[in-house]
Structures are given as C-alpha cells and as structure tokens.
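Below is one structure; the comments refer to it alone.
Protein chains: 2
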Amino acid sequence: MDVDAANRAAVERMLAARPRLVGVARADQVLPDFGGRMLLHAGPPIEWPRMSGPLRGALIGAALYEGWASDPEGAGELLASGGVRFDACHHHGAAGPMAGVVAPSFAVWVVEESTFGGRCFSTLNEGSGKVLRFGAYAPEVLERLRWLNETLAPLLGAALAATGGFDLRAAIAEMLHRGDEGHCSSLAGSLMLLRHLAPAIARAAAPSETRGRALEVLGGNWLAILNPIMAACKAICDAGHGVAGSTLVTRLARNGTDFGIRVSGAGERWFTGPAQVPVGVFYEGFDQSQANPDIGDSVITECAGIGAFAMAAAPAIARLVGGTPASAVQATLDMYRITVAEHPDFTIPGLGFRGTPTGIDARRVVELDLPPHVNTGIAHEEPGIGQIGFGLVRPPMQPFREALAALAG
Amino acid sequence: MDVDAANRAAVERMLAARPRLVGVARADQVLPDFGGRMLLHAGPPIEWPRMSGPLRGALIGAALYEGWASDPEGAGELLASGGVRFDACHHHGAAGPMAGVVAPSFAVWVVEESTFGGRCFSTLNEGSGKVLRFGAYAPEVLERLRWLNETLAPLLGAALAATGGFDLRAAIAEMLHRGDEGHCSSLAGSLMLLRHLAPAIARAAAPSETRGRALEVLGGNWLAILNPIMAACKAICDAGHGVAGSTLVTRLARNGTDFGIRVSGAGERWFTGPAQVPVGVFYEGFDQSQANPDIGDSVITECAGIGAFAMAAAPAIARLVGGTPASAVQATLDMYRITVAEHPDFTIPGLGFRGTPTGIDARRVVELDLPPHVNTGIAHEEPGIGQIGFGLVRPPMQPFREALAALAG
Numbered sequence: 001m002d003v004d005a006a007n008r009a010a011v012e013r014m015l016a017a018r019p020r021l022v023g024v025a026r027a028d029q030v031l032p033d034f035g036g037r038m039l040l041h042a043g044p045p046i047e048w049p050r051m052s053g054p055l056r057g058a059l060i061g062a063a064l065y066e067g068w069a070s071d072p073e074g075a076g077e078l079l080a081s082g083g084v085r086f087d088a089c090h091h092h093g094a095a096g097p098m099a100g101v102v103a104p105s106f107a108v109w110v111v112e113e114s115t116f117g118g119r120c121f122s123t124l125n126e127g128s129g130k131v132l133r134f135g136a137y138a139p140e141v142l143e144r145l146r147w148l149n150e151t152l153a154p155l156l157g158a159a160l161a162a163t164g165g166f167d168l169r170a171a172i173a174e175m176l177h178r179g180d181e182g183h184c185s186s187l188a189g190s191l192m193l194l195r196h197l198a199p200a201i202a203r204a205a206a207p208s209e210t211r212g213r214a215l216e217v218l219g220g221n222w223l224a225i226l227n228p229i230m231a232a233c234k235a236i237c238d239a240g241h242g243v244a245g246s247t248l249v250t251r252l253a254r255n256g257t258d259f260g261i262r263v264s265g266a267g268e269r270w271f272t273g274p275a276q277v278p279v280g281v282f283y284e285g286f287d288q289s290q291a292n293p294d295i296g297d298s299v300i301t302e303c304a305g306i307g308a309f310a311m312a313a314a315p316a317i318a319r320l321v322g323g324t325p326a327s328a329v330q331a332t333l334d335m336y337r338i339t340v341a342e343h344p345d346f347t348i349p350g351l352g353f354r355g356t357p358t359g360i361d362a363r364r365v366v367e368l369d370l371p372p373h374v375n376t377g378i379a380h381e382e383p384g385i386g387q388i389g390f391g392l393v394r395p396p397m398q399p400f401r402e403a404l405a406a407l408a409g
Numbered sequence: 410m411d412v413d414a415a416n417r418a419a420v421e422r423m424l425a426a427r428p429r430l431v432g433v434a435r436a437d438q439v440l441p442d443f444g445g446r447m448l449l450h451a452g453p454p455i456e457w458p459r460m461s462g463p464l465r466g467a468l469i470g471a472a473l474y475e476g477w478a479s480d481p482e483g484a485g486e487l488l489a490s491g492g493v494r495f496d497a498c499h500h501h502g503a504a505g506p507m508a509g510v511v512a513p514s515f516a517v518w519v520v521e522e523s524t525f526g527g528r529c530f531s532t533l534n535e536g537s538g539k540v541l542r543f544g545a546y547a548p549e550v551l552e553r554l555r556w557l558n559e560t561l562a563p564l565l566g567a568a569l570a571a572t573g574g575f576d577l578r579a580a581i582a583e584m585l586h587r588g589d590e591g592h593c594s595s596l597a598g599s600l601m602l603l604r605h606l607a608p609a610i611a612r613a614a615a616p617s618e619t620r621g622r623a624l625e626v627l628g629g630n631w632l633a634i635l636n637p638i639m640a641a642c643k644a645i646c647d648a649g650h651g652v653a654g655s656t657l658v659t660r661l662a663r664n665g666t667d668f669g670i671r672v673s674g675a676g677e678r679w680f681t682g683p684a685q686v687p688v689g690v691f692y693e694g695f696d697q698s699q700a701n702p703d704i705g706d707s708v709i710t711e712c713a714g715i716g717a718f719a720m721a722a723a724p725a726i727a728r729l730v731g732g733t734p735a736s737a738v739q740a741t742l743d744m745y746r747i748t749v750a751e752h753p754d755f756t757i758p759g760l761g762f763r764g765t766p767t768g769i770d771a772r773r774v775v776e777l778d779l780p781p782h783v784n785t786g787i788a789h790e791e792p793g794i795g796q797i798g799f800g801l802v803r804p805p806m807q808p809f810r811e812a813l814a815a816l817a818g
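Going down the list, the sequences are from chains A and B.
With the first letter of the first sequence counted as 1, position 144 gets the number 144 in the numbering used here; the numbers rise by one all the way through.
With the first letter of the second sequence counted as 1, position 384 gets the number 793 in the numbering used here; the numbers rise by one all the way through.
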C-alpha cells in the first residue's frame, strides 16, 4: 500500500469514529495500568529534573491531594526523589489539559468509541484561573478539586447513566455551528452538556444546595466540555493509528518542555522537539515574559481537526487567543494544506459548510514547512500560580522530520 | 429639529435602552387595562370576520383554556358573537409570537427597561410544532400550556427573584457571537437563560420530577428565550418612540391578515397593508400552499436590529429559513441601507464586529423601495394545526408610504 492509500485508510478510520460520553469513574478503577503512588501528566514522558514550573506545581498539588505529603516542600522532595512514578496520560488512555495531572483518586469522564471499540478518559475541568492543571496547588485549589471529584462527579455519573450518555460527535458538530472551535472556545458545547445533564441533577436526591451548586459550577465553566472533547479527540486519533506506512499524525502533545507527536505508521514511538512559548493575550497583571512553554494534551483537538483547525467557525473568539476574524479564517484555510480530508460532519458555516481540515500528513508539514496551528491556554512559568492567558503557538518542525525519517526506514 | 436630527435622537434612545428580565406574573395582574373576558393578539387590531385561521384557532384555544366554552365549536360561536373583547398585545405592553394570544390567566415574563423606565411582557414560549401560538388547540396543547403557566412559571419567577434578574441586552450581545440572530435562531441564548435559571430551579422545594421536567422543557426549547427577547425588543423600540418629526419605525407587527407599523413621530397610529405569505422551508408533509400570511409580533426583533437584520451572525441557520451563508450576509448588508445606526454592543463577528443595522428609517425604505427583511415561523392557514415551517418574508410597502405621507402632514 502506498503512503497516500495508507493515509486515506487511516483518516477514514478517524472520520468514522463515534465517541460518546458514557460515565464518570475513579481514575485508578478505570485507567489501564494505573494506581498506587503514580501520577500521570500531559505530553510525552518526562522526568522531574526537566519538568517546567507549572507541571511541577500540578504534581505537587496532586501529591498533597493524595495525602502523600503534608506541605508543598515535602511534596517537592518526594517527587524529586523518585518516591512517585510518573507517566504520560496517553500511555493510560487519558488526555489531560495543560499539566494534565491525573492522580489515582481523581474522577475521570469515560468516553467510549463505538465504531472500533475502545475507551478514553479525562479529568473534570476545574474552570479558569488558579487551578491545578495550570500548576496552582493552594489549599482552596485542592478543596475545590475535592468537591469536583467527590461531590460533583457522582452526580454527573448518575446523570449520564440516567440519560444513556451524551453523543460527543454530534455535540462537536453542533458546537462548530455555534461559535466554538472546540478547544479554547467551548461555551456552546458546555451549555449543551449542561442542558443534557441538568434535568437528572435537578431530580437527584442530593441536598438542595449540592444540586444548585453542581449546576452553577457546570454552567459557570465555559470549558466544562473541553475535557470530554479531548477524550473524544483522542479516541478519534487512536482510531487512525497503526496503519502501516501511514504518515498521518495521530497524536500531538506537550509537557511544558517537549512537544511530542506520534505517527500512524510508526508505532508507539514519540518524536519530540522543544516546546515553543505561546504568543498570547494575558490576564491583567501578567505578560508574555512570564509565559511557560507550551503544555498540555488539549492539542489533541487540533490533531482531530478542530480547535485552531476549525478557527474559521469561531470568529467571535479570535481575540481571545490574539487573532482577528480574518486571521481565524486564514488559520483554517492554512490547515487544509497539511491535511488529507475534510470532515463530513464537522462543518464550518462561514466557509459554506466546508468540512474541517482533518488528518495531518507529516509529509505535507515538512514539504511546506508549515506546522499545525494550535490554540492554547497559557500557564505561568512558575509553579503554584496558574493560568495567565490564552494564545497561539506552532509546534517545532523537528518531530515531523524525524517521524518521516523513521518511516522511510 | 430636522428629520435627520429627530431620527438620531430616536435611535440614540433605542441604543441606550437596557432591558432586563426580572420576573414572571399572571397576565391580568400586570398588563395594563387587561382582564375579564378579553384576549390579546399579535399585530394591529383586527376583528373576528377578518382574522386568519391560525389566529382564530389560538383564540378558540384561549377561550377553552379559560373555561369560557366547553368545545371548539362553542368557543368559535362565542368569539364570533362578540362575547369576548379583542385587542392588540402592543396596546397592553406585550409582544406575542405568531398568533400572540394572551389570556388573562396566562403567565407572562416581565421585562424592565432601566434607562427610561417601563415594562414589557410576553407569554412563555411553548416550543415547536402543535402549539397554541400557531393556532392549535387540541386538549394536549392546552394541557401543556397549563403546565407551563401553573407549574413552570412559578419556578421561573422564583429563580429570577433568587438571581436578581437576567440582563437581556448582554444576552443578545452574546447570542450574536454564538450563531443566533435572536429571532428564529435562539439556541445559544436559550441555553444561557437555562444556565442562569437552572441552579435555582434545582434548589427549589418543588417535587423532584417537577424540577427535572422544568429543566427538560426549558433546555429542550431552542426558542425559550425568544419571548423575553421580544419583550426586550419592544422595550427598545418603545424607547425610540414619540420623537417629534422622526421617521424611525418603532413597531413592526402582523396579525395574519394585516402588516402594521408605527413610526416614532406619528403617535399611536398604525399604518397597515396586507400581510404577505412567507416563502419557506416546510416540515415533512406540509408545503407552501398551506402557509398562512405572515403573523406575529416577533418581527419586533427586526425592528430593534436583530433577527433577519443580524442574519450575518447566524450563517449556520440560514438553511432553516431557506437561505445560504452568503444570502445571510447579504441580508444584513441590505439592512444597513435602510437603517440610521450601527449598534455599539450588538456586533457581528463575521463582519469584523460591525454593529447590527439599527433604526429603520421609513424614508429610506420608500426611497430605495427596500422593505425590511424578516425571518419568521410559518403557521398552517387553517385553525387547529400549528407550525408547518420557517421562512423569509418582506412587509408590504404601503404602510411605509402612508406613514411618510402622514408625517409630511
């Protein structure tokens, strides 16, 4: 099979994937090979000495959350000394936003892909600002996370059980018609998820105040659906993986130090290069000089053909990441040049319902010297602070070149 | 003051209006001069012999609902014989979608306009298909309406009281960035209203099943926010009314037989012409030949500069009313030719955040022979059936010409 045919086969599998949000569970009860004194993180594997500030901060927070240390200094020493095992989320079926840290007792969304089978997972989105996934670990951050994992999560799980699940493919299709690109802008999708879950939560036997707060937290987070979408996009990309000879990119991920990719025909190998610093729009009191290099598994959305690839569908939020309505359209048009298909169901009204550019061909990236566009949140480079803005970033070219070289034998 | 200055003064008042959704009440307790054996309807005043099928159907339904008759035939006879007084919604502070019928015991949303003062009202939206506002009156239609008025309405009112109200100006601004034009397409806005009200409804002491159904009905109706928006747009247009010498159109409304307008400088006089038949996209089993002439007060949204005037913000739903993304953009561009201002807060991302065309100048309509674009739902021409589609319609030119003649003295 030639490369074009292999890529066609791989992308057809991506386009046929049907991810569905079916439940909520404790991470160590559903993630494969996960448990004990182990923490997962975003991006390719990395050890403590090379980790950036926000990833260290999130790991410190997770160690405190799990009770493995009683203060941040102790947690840092434990983590630096090898007392906790680290691994990449992607090695355990998960995709984690920003630092992407998953601890054994965290709650995770469960996404099932029904065309080829398989499950993917992601934590609950904590909202914006000072949150664990951006490296914050203050007591109020952990307290909020505990409420999400222990009080909200069971309500969400029961609501999904009562409704038979939530079709994420349909939700993504609808979001793109409602001003979302499905990554940094997910308001419409989050409200659709709220609409789906709210009746069952309102019916729940939980205390009145818990029901109310659950809907306030869910409705107040315009990224609530981002984590389920990341798991869905991972499922979509996983479906396209493993086709012999294919140069299709089936994973993009960054850990705050390295940007890593995986290619359909090159097995489980990561190809990595240095993560770039996003150029962004910053919250008041912060600026570009404090931005950490690119971090998080959320770029799996771009890998699946949404996010920055669908930016033309979200002109209203172009300013959020530092663009304009015109640059939003251009970002999508650029991405048609490096992709092999247009999605039949994820369409962009403003482009005459043209399908989103799907299936990145590493060959085209290298030939055109055109890396993927990526929308992203921006973390402060120091641990303990959190999110300081949103921005745009381009991955390094090196991993794409190395992947082609490896495929060429 | 010359006409241009008068129009500027009038539109400045429209742009400064700040409508807010503050409560829910029984119609005969809040609408001015309303009660007893009286029913309100959309559009300019009309008596029974000239009414179209869906308006008659809705009035029959309302008479049955109020217990003034025990069957449709008896209700028809009562209404035909002068046993019930009719008047226009607009004469009592209300704006009603489609037939727009308001009965004394119906629940209404209460909208307060805070810049100039004043209150406007609208009934609760019943959802799509076989509903009273499109002329249906079967027992299940009335039963559903009773649940809305007697069970849902108090929950909504309590939720608004608990939250201090809902800013409709802000909601419209956000909707236009989320694929809504605020008239036939109001999904994003309806979900924002759901998000606002859901926590308080989930906290309510009502039975579990009532809480759940309330959120299902609210979340399941993508036009839930249309009626509050109509009251808000009426408040906006009312703010621009009464400026001496102004040719600004401050009301557009149709009753299924006549299309009526009011002009800022011409007092309370209605100028009317024959309502046109919308050209539409029909539900399965229905077609153009069954379409009733244009009906409803919802065209107050176009009068306030949204709806078809903001169609460029809603390319995804162009097909719903029979257009394309390109024709959606053109509809908005056309309307800049007949309006005197661009709204500072209601903006269209796809047009580089240009403000919506606001403040129809009757002079320009006549000079350019360019009537306003209107998006609309379409009712079956016979009573008792309901909605059969969505479409586009242009008002007759005659009322605009007559208004100018009247202003010229």
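From the three backbone atoms N, C-alpha and C, an ideal C-beta is built for every residue, glycine too.
No experiment lies behind these values; they were computed from the predicted model shown.
### Task
Grab me the residues of Gly57/A's own chain with a C-beta within less than 6 Å of its C-beta, minus the 5 sequence neighbours each way, in chain order.
Gly135, Tyr137, Pro383, Gly384
### Task
Compute the beta-carbon to beta-carbon distance between Pro228/A and Ser114/A, rounded to the nearest angstrom, for a pair I have assumed lies under 8 Å.
Actually they are not in contact, since the Cβ atoms of Pro228/A and Ser114/A sit about 15 Å apart, beyond 8 Å.
### Query
Secondary structure at Leu132/A, three-state DSSP: helix, strand or coil?
helix
### Message
By the DSSP assignment, the beta strand (DSSP E) with Pro19/A in it spans what residues?
### Response
19 to 26
### Query
At least one CB of chain B closer than 9 Å to the CB of Phe353/A: is that the case?
yes
### Query
For the beta strand (DSSP E) that contains Val802/B, what are its first and last residues?
796 to 802
### Task
Answer with yes or no whether the minimum CB distance from Glu618/B to chain A is below 9 Å.
yes
### Task
Could you name the residues of the same chain whose beta carbon sits closer than 8 Å to that of Thr247/A, not counting the 5 residues immediately before and after it, in chain order?
Val3, Ala6, Asn7, Val263, Ser264, Gly265, Asp361, Ala362, Arg363, Ala403, Leu404, Leu407
### Message
Give me the chain A residues within the contact set of Pro724/B, using Cβ-Cβ distance strictly less than 8 Å, ordered along the chain.
### Response
Pro349, Gly350
### Query
Could you give the residue range of the beta strand (DSSP E) that holds Trp147/A?
Not the beta strand (DSSP E): Trp147/A falls in the alpha helix (DSSP H), residues 139 to 147.
### Task
Go to Asn636/B, then tell me how far its alpha helix (DSSP H) extends in each direction, as first and last residue.
635 to 648
### Query
At a Cβ cut of 9 Å, what residues of the stretch 162 to 183 of chain A count as close to chain B, listed as they run along the chain?
Glu174, Leu176, His177, Arg178, Gly179, Asp180
### Query
How far does the beta strand (DSSP E) with Asp754/B in it reach, from first residue to last?
748 to 757
### Message
Closest to Leu777/B by C-alpha separation, out of Ser736/B, Val802/B, Glu559/B, Phe809/B, would be which residue?
### Response
Phe809/B
### Task
Find the nearest neighbour of Pro293/A within the set Ala159/A, Arg394/A, Leu15/A, judged by alpha-carbon distance.
Arg394/A
### Message
I want to see whether chain A comes within less than 9 Å of Thr733/B, judged by CB atoms only; does it?
### Response
yes
### Cβ-based burial, Pro458/B [other Cβ within 10 Å; buried from 16]
exposed
### Query
Is the Cβ of Glu625/B closer than 9 Å to any Cβ of chain A?
yes
### Task
For Pro608/B, decide whether its Cβ has a neighbour in chain A, counting only Cβ atoms nearer than 9 Å.
yes
### Closer than 9 Å to chain B by CB, Leu226/A
no
### Task
Assuming Ser514/B and Arg435/B form a contact by the criterion Cβ under 8 Å, report the distance between their Cβ atoms to the nearest whole angstrom.
6 Å
### Task
Return the CA-CA distance between Arg37/A and Gly267/A, expressed in angstroms with no decimal places.
28 Å
### Query
Is the shortest distance between the beta-carbon of Leu187/A and the beta-carbons of chain B less than 9 Å?
yes
### Task
Please determine if the stretch 289 to 305 of chain A and the stretch 250 to 260 of chain A are in contact, where contact requires at least 3 C-beta pairs separated by less than 8 Å.
yes
### Message
So with CB distances below 8 Å, who are the chain A contacts of Leu600/B?
### Response
Ala188, Leu191, Met192, Leu194, Arg195
### Message
Looking at the secondary structure, which residues open and close the beta strand (DSSP E) in which Thr659/B lies?
### Response
658 to 664
### Task
Note down, in chain order, every chain B residue with its Cβ under 8 Å from the Cβ of Gly157/A.
Here the premise fails: no neighbours, minimum Cβ distance about 17 Å.
### Message
I need the boundaries of the beta strand (DSSP E) containing His450/B, first residue and last residue.
### Response
447 to 450
### Query
Between Gly649/B and Gly768/B, which are expected to be in contact by the criterion C-beta below 8 Å, what is the C-beta distance as a whole number of angstroms?
7 Å
### Query
What's the gap between the Cα of Leu557/B and the Cα of Leu187/A?
28 Å
### Query
Given 8 Å as the limit, is there contact between the stretch 625 to 633 of chain B and the stretch 678 to 686 of chain B, that is, 3 or more CB pairs closer than that?
no
### Message
Distance check for Ala719/B and Val110/A, CA to CA, integer angstroms please.
### Response
39 Å
#### Entry: Pairwise C-alpha distance: Ser128/A and Glu143/A
15 Å
### Task
In angstroms with no decimal places, state the Cα-to-Cα distance between Thr347/A and Thr339/A.
15 Å
### Task
Go through its chain and collect everything with a Cβ distance to Ala609/B's Cβ below 7 Å, but skip five positions before and after it.
Ala567, Ala568, Ala571, Thr572
### Task
Please work out which residues of its chain come closer than 6 Å, Cβ to Cβ, to Leu194/A, disregarding the five sequence neighbours upstream and downstream, and give them in chain order.
Leu218, Gly219
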